[in-house]
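Asks:
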Amino acid sequence: MLPFANLSGEPDKDYFSDGLAEGVAHTLAPLRALRIAAHASGLAFKGGSLEPREVAKQLGVETLLEGGVRRAGDQLQVTVRLVGVPDGAERWAARYDRSLTEVFAVLSEISLEVARTLGLSPTDVEQRAMARPPTTDVVAYDSYIQGRQLAHQLLRRSQDSARMLFEQAVAQDSAFARAHAGLGNCHAMMFQYWDSSQANVQAADRASARAVELGPDLADTHVARGLACSLAKRFDEAHREFATALELRPDSFDACYFLARSHRAEGTMAEAARWFEEACALRPEDYATRQLLSSVYTSLGRPEESKAMQRQALELAEGQLERNPDDARALYLAAGALATLGDSARARQWAKRAIAMDPDDSAVLYNVACAYAILRLTDSAIDCLEQAVANGFGHWQWIEHDSDLDSLREHPRFKALLAQKAR
């Protein structure tokens, strides 16, 4: 599933074309016989120079759905085509000229045609699920897909904006389950990285509970619930929610990824490795998951596997930086990989570049602290870590179990930092 091209001639409409592509993926999700590469996988290649067939090869898929969206006022034009790999033959194509209010019907029609072309016969239950729109309110949906695109960016300003958009969506349609899930996820991210107040834990709990109540058959709502439970240290409940998400959608990257993170926060590293491995298989282009898996391998005493995973992570992060040189997340995670692999000069350089882009962002500061700790730059590492906590980083279980920080654990300043957890 590639991001749909924005044919409107207005860059600020990119969110809409990307959001419709994700909407098709969500509509196809009930088909148990179909594996869909995560929407974020396609986004990772947006703006790059790779041919579609090469993208398909890297994602391990047999067909690609490409498209374009033109939005003008209340009119909508969507063109789509299904392309086989590796021959590049067009297997199906269509154009839809509709009013904006018919957007949900367009998503359903595209999905049913894709299923038919691929030789799938949806069951009655699957057809009903595919025909059911996420909301009946176009204004709420517009806010939701804007929020989704911003939520993919792990920066405070993006999460703040995403949270406000999800709030607008649920204010417009209080029964919009996916918007409640998105809101819960934003509060969870805010707690972990930028505002460690219990208000965010409570807000994540409320929003995710409402999401599950409204959409019990949606994997995304159970992922949001699992994340909220994990933050509240209700790990058994969290794991049950992630398991439910995987029953509903076995190819859910988010369910595998956040289940792995929950096990890592709990300190059950063998299970964390298992689910990070599953997540890596679902998103072969994702560098962040590979770096986290590398850290877990280190905790499990598997140094060679850890280094092999860091090499993969570095190669993928470098590819992302070729497409987007200003991606602070790719820079700080690549800095950690370079540090692990012994390239201290480049690790320092890339860490400094990440800090320069967003010097007050606690996610940046925390991950740069990890790179410095690996390089044994103890004072610099603790400086960054202290600043991250001062700026709101609140994921104490992560600090306690992160093997990247092992070189700091006996330092008095690090012990004093951990003592803040009890206050």
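Counting along the sequence shown from 1, when you hit position 70 you're at 59 in our numbering, and nothing is skipped either side.
Virtual Cβ for every residue (Gly too), placed ideally from N, Cα, C.
Since the structure is predicted, the reported quantities are computational estimates derived from the model, not experimental observations.
Once the 5 residues before and after D206 are set aside, which same chain residues still bring their CB inside 6 angstroms of it?
Replies: Taking the first residue of the sequence shown as 1, we reach residue 206 at position 217. Closer than 6 angstroms at Cβ, skipping near neighbours: no residue.
Asks: State the Cα-Cα distance for the pair Q309 and L216, rounded to the nearest angstrom.
Replies: Your numbering for residue 309 matches position 320 in the sequence shown. Your numbering for residue 216 matches position 227 in the sequence shown. If you take the alpha carbons of Q309 and L216, they lie about 27 angstroms apart.
Asks: Could you give the DSSP three-state label for A83: helix, strand or coil?
Replies: As a first step, residue 83 is located in the sequence shown; it is residue number 94 there, counting from the start. Note: A83 maps to strand in three-state DSSP.
Asks: Compare the Cα-Cα distances from H211 to each of V201, S219, P75 and L220 and report the closest residue.
Replies: Mapped onto the sequence shown, residue 211 falls at position 222. Nearest option by C-alpha distance: V201.
Asks: Would you kindly report the start and end of the unbroken beta strand (DSSP E) that includes L20?
Replies: Residue 20 sits at position 31 when you count from the first residue of the sequence shown. Segment: none, L20 is in no beta strand (DSSP E) and carries neither H nor E.
Asks: Check whether the Cβ atoms of V444 and L53 lie closer than 7 angstroms to each other.
Replies: Residue 444 lies beyond the stretch modelled for the chain, which goes from -10 to 412, so this question has no answer here.
Asks: From the DSSP output, read off the bridge partner residues of R137.
Replies: Taking the first residue of the sequence shown as 1, we reach residue 137 at position 148. DSSP lists no partner for R137.
Asks: Can you list, in chain order, the residues of its chain with a C-beta nearer than 6 angstroms to that of A158? Leave out the 5 residues immediately preceding and following it.
Replies: What you label residue 158 is simply residue 169 of the sequence shown in a count that begins at 1. Cβ within range, chain order: A129, S132, Y133, F165 and A168.
Asks: Is the number of C-beta pairs between the stretch 280 to 292 and the stretch 139 to 154 that are closer than 8 angstroms three or more?
Replies: no
Asks: Could you check where the beta strand (DSSP E) with G73 kicks off and where it finishes?
Replies: Here residue 73 refers to the residue found at position 84 of the sequence shown. Segment Q64 to G73, the beta strand (DSSP E) holding G73.
Asks: Which whole-angstrom value is the C-beta distance of A362 and A352, which I expect to be below 8 angstroms?
Replies: Position 373 of the sequence shown, counted from the first residue, corresponds to residue 362. Position 363 of the sequence shown, counted from the first residue, corresponds to residue 352. Not confirmed; about 16 angstroms, so no contact.
Asks: Kindly indicate which residue of L220, G204 and Q148 has the alpha-carbon position closest to the one of S163.
Replies: Taking the sequence shown and counting its residues from 1, one reaches residue 163 at position 174. Checking every option, the nearest Cα to that of S163 belongs to G204.
Asks: Taking all protein chains shown into account, do 16 or more other C-beta atoms lie within 10 angstroms of the C-beta of P(-8), making it buried, or fewer, making it exposed?
Replies: Position 3 of the sequence shown, counted from the first residue, corresponds to residue -8. Result: buried.
Asks: Can we say the stretch 76 to 92 touches the stretch 18 to 25, given the rule of at least three CB pairs closer than 8 angstroms?
Replies: Contact between the stretch 76 to 92 and the stretch 18 to 25 is absent: fewer than three C-beta pairs spanning the two stretches fall below 8 angstroms.
Asks: With 16 other CB atoms within 10 Å as the buried threshold, where does A259 fall?
Replies: Your numbering for residue 259 matches position 270 in the sequence shown. Answer is exposed; the Cβ neighbour count stays below 16.
Asks: Comparing C-alpha positions only, which one of P348, L172 and K2 sits nearest to A61?
Replies: The sequence position of residue 61 within the sequence shown is 72, counting from 1. Of the candidates P348, L172 and K2, the residue whose Cα lies closest to the Cα of A61 is K2.
Asks: Apart from the five residues on each side of it in sequence, which residues of its chain come closer than 6 angstroms, Cβ to Cβ, to H176?
Replies: The count along the sequence shown starts at 1 and reaches residue 176 at position 187. The residues are N189, A192 and A193.
Asks: Find the nearest neighbour of M416 within the set D350, D63, T367 and P0, judged by alpha-carbon distance.
Replies: For residue 416 there is no data in the structure shown, the boundaries of the chain being -10 and 412.
Asks: Counting C-beta neighbours from all protein chains within 10 Å, is the total for D63 16 or more, i.e. buried, or is it exposed?
Replies: Taking the sequence shown and counting its residues from 1, one reaches residue 63 at position 74. Looking at its Cβ environment, which holds fewer than 16 other Cβ atoms inside 10 Å, D63 is exposed.
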